[in-house]
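The next block holds one structure in the form of structure tokens; read it before the comments.
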Amino acid sequence: MLARCVRTASTRCFHARALPNSQHADAAATLGDIITCLEDAKPPIPSTPPVGTVFPPSKVPAKSTKAGNPFDEKHIKPYSIKPQRYSLYCQSTRNNTITTLMDNEFHPVAFYSGGSCGFKKVNRSSYEAGYQCAVRMFKNIEELRNKKRLEIDIYFKGFGQGRDALQRALMTSEGDKVRELVVSVTDRTPIKIGGTRAKKARRL
-1 MLARCVRTAS TRCFHARALP NSQHADAAAT LGDIITCLED AKPPIPSTPP
49 VGTVFPPSKV PAKSTKAGNP FDEKHIKPYS IKPQRYSLYC QSTRNNTITT
99 LMDNEFHPVA FYSGGSCGFK KVNRSSYEAG YQCAVRMFKN IEELRNKKRL
149 EIDIYFKGFG QGRDALQRAL MTSEGDKVRE LVVSVTDRTP IKIGGTRAKK
199 ARRL
């Protein structure tokens, strides 16, 4: 309807220029009717909001940008240090027991064996030698625990007597502080299934 009124008004204005003076009044009256029609075609003004509401809506108050005291206890966030993952390797053979402690980058931190604990020849593979290796290693771990947070993964390899010695030393009172740090225990002993021909048995 609005487009039709506009087209009609433009056409009549063009023809009104060629009309004589007597008909100018009729053309002006027609234009007045068209303008009234255009005003009626405007979109209605929105109604007033219901009673009790604020119009326009009030602005949300902005948050205060004032910074608090950074040394106040309320603004101090707890800083947690991720514990370092250490690895304790126990290689127990028929001839010796070797224990090695490595850090998270696999650098050796401590090393003990039956020979370094004072045992000679055949005694290096005994149960007591493995027990002494475990006790000295536990003391070293306790010293590291006082300096930093750490977790320990234990890896066993071999079926010698030092394997059982380290397990039992870990369950005694000497391994109480170390036992709390142990996360996992893994057995890495290779087991031969089939394989090559066994070595000739030794004859005495």
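Each residue of the sequence shown is one higher than the one before, counting from -1 in my numbering.
Think of the CB as a built atom: it goes at the ideal place given N, C-alpha and C, for glycine as much as any other residue.
Between the segment 165 to 184 and the segment 100 to 108, can you find at least three pairs of beta-carbon atoms closer than 8 Å?
Look at the beta carbons and you see the segment 100 to 108 not touching the segment 165 to 184: under three pairs across the two are nearer than 8 Å.
Please name the residue in Thr194, Asp101, Ala132 whose C-alpha comes closest to that of Met169.
Translated into the one-based positions of the sequence shown, residue 169 becomes position 171. Looking at the Cα atoms, Ala132 is the closest of the given residues.
From Gly112 to Lys155, what does the alpha carbon distance come to, in whole angstroms?
Working through the sequence shown from its first residue, we reach residue 112 at position 114. Working through the sequence shown from its first residue, we reach residue 155 at position 157. Cα-Cα distance, rounded: 16 Å.
May I ask you to report which of helix, strand or coil DSSP gives Leu202?
Residue numbering aside, residue 202 sits at position 204 when the sequence shown is read from its first letter. In this structure, Leu202 counts as coil in the three-state DSSP scheme.
Going by beta carbon distance, what residues of the same chain come within less than 7 Å of Arg92, once the five residues before and after it are set aside?
Against the sequence shown, residue 92 aligns to sequence position 94. For Arg92, where only same-chain residues beyond five positions count, the Cβ hits under 7 Å are Ser123, Gly158.
Once the 5 residues before and after Thr98 are set aside, which same chain residues still bring their CB inside 7 Å of it?
Counting from one through the sequence shown, the residue named residue 98 turns up at place 100. Same-chain partners within the cutoff: Tyr87, Pro106, Phe109.
Cα-Cα separation between Lys190 and Arg166, rounded to whole angstroms:
If you number the sequence shown from 1, residue 190 lands on position 192. If you number the sequence shown from 1, residue 166 lands on position 168. Approximately 27 Å, taken between the alpha carbons.
According to DSSP, residues forming a beta bridge with Ile96:
Counted from its first residue, the sequence shown places residue 96 at position 98. According to DSSP, Ile96 bridges with Gln89, Ser111.
Buried or exposed, going by whether 16 or more other CB atoms sit within 10 Å of the CB of Ile79?
In the sequence shown, counting from the first residue as 1, residue 79 sits at position 81. Burial call: exposed.
Could you have a look at Arg83 and say whether DSSP puts it in helix, strand or coil?
On the sequence shown, position 85 is the one that residue 83 refers to. Strand, per DSSP.
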